Each structure stands twice: as structure tokens, then as C-alpha cells.
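Undergrad: Protein sequences appear in the order of chains Y and S.
Taken in order, the first sequence gives residues 1 to 184; the numbers are from my numbering.
Taken in order, the second sequence gives residues 1001 to 1133; the numbers are from my numbering.
Even glycine gets a Cβ: it sits at the ideal position worked out from N, Cα and C.
Since this is a predicted model, take the numbers as computed values, not measurements.
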Amino acid sequence: MLTGCTSISRQVGREPEPTIPNLKISRTHFHDILDKLGPPTQITALPEGFVFLYESLLIIENQVGFSSTRGVLSWFKFSFSDADVDRIVHIFTFDRRGYLRSHVGKMTRKDIGDGSSLQFLFALEQVVNTGYLERDPVQQDWGFMLLNPLPQILNSNQSLDSGTRGLEQTGTPTAVGQRTLEMH
Amino acid sequence: MLKKTYSIAFHCLQAMTLAGLIFFIGGCATSQEEKGAKNHWRNPKLPAWERGRTTEQNVVEALGPPSQIIALNDQTVYYYMQEQSKGKSYIFIVWNRSEKTIRYDRAVFFFNKNGILDKYSYSPEAFPYDPAP
């Protein structure tokens, strides 16, 4: 039996600092946040102000493969894999004047699944589906929103991608909340 | 005794052949992709933005259409973004690695209700600017 190891990693976005010092509610202005961290990953308006979301992801999938020296089986490997995601998120809410109302910053590691597959010996394929974590940022698709399928167009006024109706972390399931009306 | 010597030699040859196959058949690959607005905000010849004077029109003329326009309550935000992804893969059968990094170069501009610049910001991460169209 031959064995092999594979590591597949995906870094999405630049890692913000896990903690941000000197934040003062009602005194820190959004200009200060922009000067410290630069443009956020997402911005959205709220009735009482607006929100900045900063986010970065590191997805790692490790695989162990087993093969055989017998005949045609030697050209294939049976792989077991496990994937985790490290996420750093900061959410800042501001009032209408731009002063900080609340902040939460969190660094988490989450197991996002495992799997097994039969692959060609020289193949390097992901087994765990992480496509939902690697989707394009909302800014890339914003100009094409009216070309989406009809259920999404009808919901566009309430869309979380419009920048005026809230936001969500990358990878949030589409079967909950506002997204259910889009019938993904 | 002779049979044992031949057996050891054969196994050594087999191990060397396998090691050779691993190192010579293995391969590597790279990929690169770019999406989004061209990062004209990194153009060193760009005039300096002036808070309280620069208008939405000035920004659009210099940078082109934004990736996203956001209507905040009393402000409008022009959001520009360029995405670059780079990937590398190494395949040596016994050890394989694939890595992909996606980075963003961003610029945001906040305008008041009169369309005058209130604040702008660029991402700490900057991609090299290519003046070619």
C-alpha cells in the first residue's frame, strides 16, 4: 500500500487584526476605522446609521491517500480528507453621524466537513465542497443584479447584496432569512 | 546466497525506480486571475483628492465607474475593488500541495448629500499599477 499526503489551502482576503485597540463607543468615528483598517469587505445602510464588515478566511483541506501496487489499482488513490476554515470577522455599526455604536471582533476555527474519494493518482482535487466560502464578493456582481433569475430580481429591493438592506458573513446558508425569497 | 543477493538488488532497483518516477513524473502548476475595476487609484499621476472640494464627477472621471454604489442615509459611497488570485500546485504523489490566495485592492469614497467628498480610504494592500489599458 502506498500513501500520500495532500494539503490544499485557500486564503480569501487580507487578515485584519484579531483585536483592535482604542475603540470607544460614541467617540470613535468611522474615519478612524477607515484610517486604521482601510475599506471594509462590505458596507450597508441601516435605518439608524450604517455597518462595516471586515472579513478574511483561510480554508485548509488535508487529505491522506492510499493506493495499491496491484495492476490498474496502482493508477488510483483512495483519499480521506478533512477541511477547516479560520475566519476573522469585525463588524462595526455607526450612527447617522458616523460615530461608533457597537463593535464585535472574532477569530474562529470551524470544521466544515470531511469526505472521501477515488481519484487518479496524479490528480489534486478538493473533496470537501468549499465553493460557498469562495464566492465572488458582492461588489463584483452588484452591476449584474438585474440579470439574476426572477425570484432574485423580485427580491432585489430587500437583497443583502444591495448595500442598503443589511449584510451577512460569507458562507451563510441561503435557506434562511431574506435569502429564502430568492429560492436558491 | 546468489538468489538472496539478486532479490536485494531487485528490491533496491525497484525502490530507486519508484523514487525516480515520483520526482520526474511529479509536476507543478501556477495560475493567476484578475477581476474587477482597474486600480487607477494607485496611479501616481492622479491628482490629490481634496475633502470638501472633490466631487463625485471628479472621482468618476479619474477612476471610471465604481464596482458598487451604496446609498447610506445622508451619504453616497463609491466602492472600487480589484481582485487578484494566485495559485500554485505541487504534485509529487507522496506529497502534494495546492495553495490559492485571493487578495483585494480597494478604494472607497464617501460623498455628502451635495456630492462633495467627505472621506476616502485605500486598502493597506496595494497591487502594482499598470498604466496600459
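Restricting to Cα atoms, I'd like to know which of 35/Y, 80/Y, 70/Y is closest to residue 124/Y.
TA: Residue 124/Y has its Cα closest to that of 80/Y, out of 35/Y, 80/Y, 70/Y.
Undergrad: Between which two residues does the alpha helix (DSSP H) holding residue 73/Y run?
TA: Taken as a continuous stretch (DSSP letters only), residue 73/Y belongs to no alpha helix (DSSP H), as it is neither H nor E.
Undergrad: Residue 142/Y versus chain S: which residues are under 7 Å apart at the beta carbon?
TA: Correct list: 1067, 1068.
Undergrad: Please report how far the alpha carbon of residue 15/Y lies from the alpha carbon of residue 41/Y, in whole angstroms.
TA: For residue 15/Y and residue 41/Y, the distance between alpha carbons rounds to 11 Å.
Undergrad: State yes or no: is the beta carbon of residue 1081/S nearer than 9 Å to at least one beta carbon in chain Y?
TA: True, the Cβ-Cβ gap to chain Y drops below 9 Å.
Undergrad: What residues in its chain sit with their C-beta under 8 Å from that of residue 1057/S, if we drop five residues either side in the sequence?
TA: If we look at residue 1057/S and ignore the five residues flanking it on each side, its Cβ neighbours are 1115.
Undergrad: Buried or exposed for residue 1081/S, please, with buried defined as at least 16 other CB atoms from any protein chain shown within 10 angstroms of its CB.
TA: Its Cβ being crowded by 16 or more others within 10 Å, residue 1081/S is buried.
Undergrad: What is the rounded straight-line gap between the Cα of residue 110/Y and the Cα of residue 58/Y?
TA: So the two alpha carbons sit approximately 11 Å from each other.
Undergrad: By alpha-carbon positions, which one of 1106/S, 1073/S, 1122/S ends up nearest to residue 1113/S?
TA: Ranking 1106/S, 1073/S, 1122/S by Cα distance to residue 1113/S puts 1073/S first.
Undergrad: Is it right to say residue 1066/S is buried, meaning 16 or more other beta carbons lie within 10 angstroms of its own, or is it exposed?
TA: The residue is buried, with at least 16 neighbouring Cβ atoms inside 10 Å.
Undergrad: Residues of chain S with CB closer than 9 Å to the CB of residue 166/Y, please, in chain order.
TA: Those within 9 Å of residue 166/Y in chain S number zero; the least Cβ separation is about 12 Å.
Undergrad: Would you mind telling me which residues of chain S sit closer than 9 Å to residue 21/Y, beta carbon to beta carbon, in chain order?
TA: Ordered by position in chain S, no residue passes the 9 Å Cβ test against residue 21/Y, which lies about 17 Å from the chain.
Undergrad: Name the DSSP bridge partner or partners of residue 46/Y?
TA: Beta-bridge pairing links residue 46/Y to 49/Y.
Undergrad: I'd like the list of long-range same chain contacts for residue 1062/S, defined as Cβ closer than 7 Å, with 5 residues on each side in sequence excluded.
TA: These residues qualify, in order along the chain: 1040, 1046.
Undergrad: Can you have a look at residue 1011/S and say buried or exposed, based on whether 16 or more other CB atoms are within 10 angstroms of its CB?
TA: Per the 10 Å Cβ criterion, exposed.
Undergrad: Measure the C-alpha to C-alpha separation of residue 54/Y and residue 1123/S and round it to an integer number of angstroms.
TA: Each residue's Cα considered, the two are about 12 Å apart.
Undergrad: Under 8 Å: do the stretch 59-69 of chain Y and the stretch 4-13 of chain Y share three or more Cβ pairs, one atom per stretch?
TA: Touching, yes, given that three or more Cβ pairs across the two stretches are closer than 8 Å.
Undergrad: Under a three-way DSSP split, which group does residue 132/Y fall into?
TA: DSSP places residue 132/Y in helix when its eight states are reduced to three.
Undergrad: Would you identify the three-state DSSP class for residue 61/Y, choosing helix, strand or coil?
TA: Here residue 61/Y sits in strand by DSSP.
Undergrad: By the 10 Å Cβ neighbour count, where 16 or more other Cβ atoms means buried, how is residue 170/Y classified, buried or exposed?
TA: Label assigned to residue 170/Y: buried.
Undergrad: Do we get a CB-CB distance below 9 Å when we pair residue 193/Y with the residues of chain S?
TA: Absent from the structure is residue 193/Y, since the part of chain Y shown begins at 1 and ends at 184.
Undergrad: Answer yes or no: does any C-beta atom of chain S fall closer than 9 Å to that of residue 31/Y?
TA: It does; some Cβ of chain S falls within 9 Å.
Undergrad: Which residues in the same chain as residue 19/Y place their Cβ atom closer than 7 Å to its Cβ, once the five residues preceding and following it in sequence are excluded?
TA: For residue 19/Y, where only same-chain residues beyond five positions count, the Cβ hits under 7 Å are 105.
Undergrad: Between residue 116/Y and the rest of its own chain, which residues show a CB-CB distance below 6 Å, the 5 nearest in sequence each way excluded?
TA: Once the five neighbours on either side are set aside, the close Cβ partners of residue 116/Y are 80.
Undergrad: What's the C-alpha gap between residue 1050/S and residue 154/Y?
TA: Computed Cα separation, rounded: 40 Å.
Undergrad: Report the partner residues of residue 1095/S according to the DSSP bridge assignment.
TA: BP columns for residue 1095/S point to 5/Y.
Undergrad: Would you call residue 142/Y buried or exposed, if buried means 16 or more other Cβ atoms sit within 10 Å of its Cβ?
TA: Under this definition residue 142/Y is a buried residue.
Undergrad: Distance check for residue 29/Y and residue 1085/S, CA to CA, integer angstroms please.
TA: The alpha-carbon atoms of residue 1085/S and residue 29/Y are separated by roughly 32 Å.
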